[in-house]
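Inspection log for the structure reproduced underneath, given as structure tokens.
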Amino acid sequence: MGKVIVLGAGESGVGAAALAKKLGHEVLVSDAGQVKSQYKEKLTELNIPFEEGGHTKESFFDAEIVIKSPGIPPWVPLIEELVAADIPVISEIEFAYRYAEAPIIAITGSNGKTTTTSLIHHLLKGAGINAYVGGNIGESFAMQVASLPMPEVFVLEVSSFQLDDCVDFQPNIALLLNITPDHLDRYQGSMEAYTHSKYRITMNQSADDVFIFNEEDKWSIWGKENNAVKAQQLSFGLEKGKNALRLEGQLKLMNGEMIDLKELKILGPHNHLNVMAALLAVQAFGLRIEEVKEALYSFLPIAHRLEPIGNMKGVEWVNDSKATNVDAVKYALEAMDKPVIWLAGGVDKGNDYTGLLQLVADKVKSIIILGENDEKIRQNFHRPISNVASMQEAVRLAQQQAEKGDIVLLSPACSSFDLFRNYIDRGEQFREAVLALA
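Per the numbering used here, the very first residue in the sequence shown carries number 345; after that it's consecutive.
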């Protein structure tokens, strides 16, 4: 077996290295930054050499294959040099796919990936199916292929970055939830390029496979018209879904099965869409809705995604820290049925707030901005606006402003890197500060 170079020593990189090692390859893991201690320990345990703080790239050019972290863009000089030298550069998802011996359900989209992926896994497990969940959440796909017995099905969350470096990846069931502006810095500001990237999830599918998409999503429809889709197509939508749609108080699925919306524990029209997509996926896998209804009604919100934190003195507190773009906030506000105190802000990613104007006018009492990056929010929204420098200060101020019957919603519309390590840190600080009030 030839040499495999793995660029990036995160979850996907270490998983790819473990699989390459198991297959008998000579492996080197190389990271331009510092490798986290948990990954150092794993690589050492597996006897896989690694380097950090830079690349000894002269040793890369006799590699059989290079597996790169999805966070490394294609225009990095090292990647361009490797491609110019005709060395295949692929993603960990692609590498693991080549050795996976079980069907794959793959989910992508700008918003809702983790909720829908987790829900599909929950439904399959509830029906007694031995299913693994991974990809962009949990343990990497490659590590599962390397270290676990083959399941009945893999359920994978996949990002556009991962899909960009796929060649043969062919999920049996592919879901495209939506396409909204996000990560456009990676795609030179082009929604068309971003959409084509998302459609790579179906590029290798055949007529025996299934492609599930949102019939009402503008860019999903544009992408379908501008990409060859050979798979069987199933669609969902709030009003126009051909195979799943929302009626008053219920979801209607193909074959006429009905789901009572009042029984769901995840809120909002966007989650109704996620539920429809998930149910179409498990039906395509061969399950009957009756087999999964109990699991569906028991499914709880994922942390940091419209996660209820508590109700104190009649005020509800909701953690939606994962809402790092405008469309995610739109979905959150649509789900709110009481006056909102909105905690927002962070590092603006070129946001266009136009789509929130009416929702904020209708539902938001006041806005509390975390950090000083507030100019665009102040320009767009005519509501009382305050700035704070910490999550604790934000929660204290929200408590002062809130009245019985209000909702305090953390839904930032921005990335977290000015005041927090990531959206998880931001959400956990919010939860801790709210619970401290009690």
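Ideal placement from N, C-alpha and C gives every residue a C-beta, glycine not left out.
- The straight-line gap separating the alpha-carbon atoms of Gly354 and Pro447 is approximately 25 Å.
- Selection Ile517, Asn391 and Leu687 evaluated against Gly630 yields Ile517 as nearest (Cα-Cα).
- For Leu492, no alpha helix (DSSP H) segment is defined, and its DSSP state is neither H nor E.
- Between Lys412 and Asp509, the beta carbon gap of about 6 Å places them in contact (Cβ cut-off 8 Å).
- An exposed status is given to Met602, since fewer than 16 other beta-carbon atoms sit within 10 Å of its beta-carbon.
- Leaving aside the five residues that flank Tyr538 on each side, the residues in its chain whose CB is nearer than 6 Å to its CB run, in chain order, Tyr531.
- Around the beta carbon of Met345, fewer than 16 other beta carbons lie within 10 angstroms, which makes this residue exposed.
- Relative to Asn391, the option among Ala361, Ile409 and Arg765 whose CA is nearest is Ala361.
- For Glu395, the uninterrupted beta strand (DSSP E) run begins and ends at Phe394 to Glu396, by DSSP.
- Annotation: the region 642-700 contains the following complete segments of the beta strand (DSSP E) (minimum length 3 residues), in chain order: 651-656, 659-663 and 684-688.
- Straight-line spacing of the CA atoms in Asn663 and Gly654 works out to 10 Å.
- The beta carbon of Trp686 is closer than 6 Å to those of Val708, Ile711 and Leu753 in its chain, skipping five residues each way along the sequence.
- Per DSSP, the beta bridge partners of Phe580 are Asn558 and Ala588.
- Segment contact: the region 534-548 against the region 467-475, fewer than three CB-CB distances shorter than 8 Å; contact not assigned.
- Approximately 6 Å separates the beta-carbon atoms of Val732 and Leu714; this is inside 8 Å, confirming the contact.
- By the CB criterion at 8 Å, Pro515 and Ile431 fall outside the cutoff.
- Counting only runs of 4 or more residues that sit fully inside the region 735-770, the alpha helix (DSSP H) segments are 735-745, in chain order.
- Taking the Cα positions, Leu650 is about 37 Å away from Ala551.
- Cβ-Cβ distances below 8 Å link Leu367 to Met345 and Tyr443 in the same chain, with the five nearest sequence neighbours on each side left out; the list follows chain order.
- Less than 8 Å divides the Cβ of Thr458 from the Cβ of Ile481.
- By the Cβ test, the region 716-731 is not in contact with the region 627-645, since fewer than three Cβ pairs between them sit closer than 8 Å.
- Bounds of the alpha helix (DSSP H) holding Thr459 are Lys457 to Gly470.
- Comparing alpha-carbon positions, the option among Ala486, Gly479, Thr524 and Leu492 lying closest to Ser503 turns out to be Gly479.
- The beta carbon of Gln488 sits closer than 6 Å to the beta carbons of Tyr476 and Gly478 from its chain, once the five residues preceding and following it are set aside; these are given in chain order.
- At a Cβ-Cβ threshold of 8 Å, His399 and Phe643 do not count as neighbours.
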